[in-house]
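These notes are about the structure you will find just below.
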Amino acid sequence: MSSVKTDRRQKIKWSIRRKVSGTTERPRLSVFRSNTAIYAQLIDDSKGVTLAATSTTELGLKGVKVDNSKEVGKKIAEKATEKGILTCVFDRNGYLYHGNVKAVAEGAREGGLKF
């Protein structure tokens with residue numbers, strides 16, 4: 327059983343994924359938000375490979391808060407620069423660009439990623 331809310335997000339997500347695709351030089355920065363954690367991954371869609379990933383649970387942070395989300399963004403940017411990735415495309419994954427999703431993007435920009 328799926329709710330109206332999750333169906334709506336899924337349609338938005340498909341619409342975004344039709345337009346946004348990651349490559350080896352410019353991977354896709356995908357954000358997933360659950361009730362307990364926030365996750366970020368750099369994905370190369372041409373090969374179907376995750377290049378780097380991090381989350382609040384990996385960093386030992388509790389709860390989904392804007393400060394924690396910004397730390398996740400900084401950490402994913404740090405991992406990306408270690409692998410020589412400087413640019414990416416942002417995939418908000420059907421969520422509004424607001425709050426925690428926006429904080430991940432801002433943290434990644436502060437960490438040195440460009441998108």
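Position one of the sequence shown corresponds to residue 327 (this note's numbering), numbered consecutively onward. Note that beta-carbon positions come from the ideal geometry of N, C-alpha and C, so glycine has one too.
In the DSSP annotation of this structure, the continuous segment of the beta strand (DSSP E) that includes R359 starts and ends at 354-359. Pairing L385 with E397 gives a Cβ-Cβ distance under 8 Å.
Beta-bridge partners of K440 (DSSP): T413. G389 counts as exposed, since fewer than 16 other beta carbons sit within 10 angstroms of its beta carbon. Between I364 and S395, the CB-CB gap stays under 8 Å.
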